[in-house]
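Chemist:
Residue numbers (the numbering used here): 27 to 386.
#1: Residues in the same chain with beta-carbon distance under 8 Å from residue 361, minus the five sequence neighbours each way, listed in chain order, please.
#2: Can you list the alpha helix (DSSP H) stretches of 4 or more residues lying completely in the region 40 to 117, in chain order?
#3: Could you tell me which whole alpha helix (DSSP H) segments of length 4 or greater appear in the region 189 to 248?
#4: Is the Cβ-Cβ distance between residue 53 and residue 38 less than 8 Å?
#5: Would you check if the region 101 to 119 and the region 139 to 146 touch, i.e. whether three or more CB-CB distances between them fall below 8 Å?
#6: Can you tell me which of 83, 67 and 205 puts its alpha carbon nearest to the alpha carbon of residue 110?
#7: Quick one: what does DSSP say residue 148 is sitting in, helix, strand or coil?
#8: Using the C-alpha atoms, what's the distance from residue 205 back to residue 144?
#9: Do you know offhand how far residue 232's Cα is from residue 304's?
#10: Starting from the C-beta of residue 77, find all residues in its chain whose C-beta is less than 7 Å away, skip the five residues before and the five after it, and write them out in chain order.
#11: What are the boundary residues of the alpha helix (DSSP H) that includes residue 337?
#12: Applying the 10 Å Cβ sphere with the 16-neighbour rule, what's the burial state of residue 157?
#13: With 16 other CB atoms within 10 Å as the buried threshold, where does residue 391 fall?
#14: Output the boundary residues of the beta strand (DSSP E) element that contains residue 258.
#15: How should residue 364 be labelled, buried or exposed, when 16 other C-beta atoms within 10 angstroms of its C-beta is the threshold for buried?
#16: Label residue 359 either buried or exposed according to how many other C-beta atoms from any shown protein chain fall within 10 Å of its C-beta, with 16 as the threshold for buried.
What follows is the structure in structure tokens.
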């Protein structure tokens with residue numbers, strides 16, 4: 027196994043803090059108000075390499091979807107030791123470790139409120155939530171009262187019937203892009219800015235205050251080819267963010283909203299909905315998605331785990347199996363996958379820094 031990866035959230039946090047200590051990198055701590063399943067402290071830890079007045083800043087974010095933090099954490103532990111060698115004059119890197127520590131520790135994609143953080147960056151004060159009318163038809167066919175083969179098959183059959191009417195892609199995107207009316211269902215975006223949302227805003231305001239250019243890399247797992255880190259953005263070719271990203275990553279970055287794409291976008295995602303309140307910063311964000319297992323198995327794991335926290339018993343044999351399946355869907359504990367994650371994140375960070383330096 028790759029030595030940068032861990033078996034639990036607490037182990038991951040410990041490795042990250044130890045790596046920062048060895049590299050003499052200062053760390054700030056944002057403590058979460060709740061505890062982990064074993065009573066452990068939860069926190070978002072932020073390490074910065076490079077001067078506070080750096081012109082160009084790259085931010086590497088892990089655990090937006092809690093359990094996906096295993097990948098981002100392993101990559102961040104690796105980065106800490108040699109980030110100095112990647113930085114040019116006037117450049118810095120900020121590593122935000124476990125922005126959703128609750129989900130990371132509890133083996134969930136969501137946070138303590140069953141909120142999908144990557145659907146939470148919307149106008150809560152104005153109540154301007156993205157419309158998703160088709161989800162209203164689908165909602166009762168996603169999380170059944172019981173989780174068994176018969177109940178799940180009924181849900182699948184009902185969704186397939188709707189798909190024959192409106193199209194399979196429309197159903198898939200309606201389920202995945204986020205919804206704001208069903209707090210006990212999947213991909214709930216919340217009705218207020220969550221702790222993690224507020225923390226990310228605070229971190230970026232502090233660390234990007236003197237920057238002219240900032241690029242955020244949000245590390246995810248669960249979609250795409252096994253072990254491959256795909257760069258994606260909701261921005262379209264010709265738009266400033268897309269052209270900035272293309273300047274760094276060339277044809278490796280693709281739009282999730284332009285042309286034919288297998289991915290659904292969310293207006294409440296970090297990529298689409300987040301921007302630090304700093305008018306002077308040229309800010310862009312890119313997703314880095316690592317594939318794990320087949321898409322339908324990932325979807326079923328998410329739905330089962332949501333059911334478990336709404337209707338089930340976490341300590342039951344069924345509950346333990348659902349958590350095991352959830353972990354496998356987002357964290358293949360195999361050295362080839364782990365090595366691929368570390369190498370790809372390392373490569374993407376270097377491309378980002380080199381691209382920003384070339385533009386200066």
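Heads up, the beta-carbon is just placed ideally off N, CA and C, and yes, glycines get one too.
Modeler: According to the structure data:
#1: 27 and 28
#2: 95 to 106 and 109 to 112
#3: 194 to 202 and 221 to 233
#4: no
#5: no
#6: 83
#7: coil
#8: 11 Å
#9: 10 Å
#10: 118
#11: 321 to 337
#12: exposed
#13: Nothing in the structure corresponds to residue 391, since the chain is present only between 27 and 386.
#14: 255 to 259
#15: buried
#16: exposed
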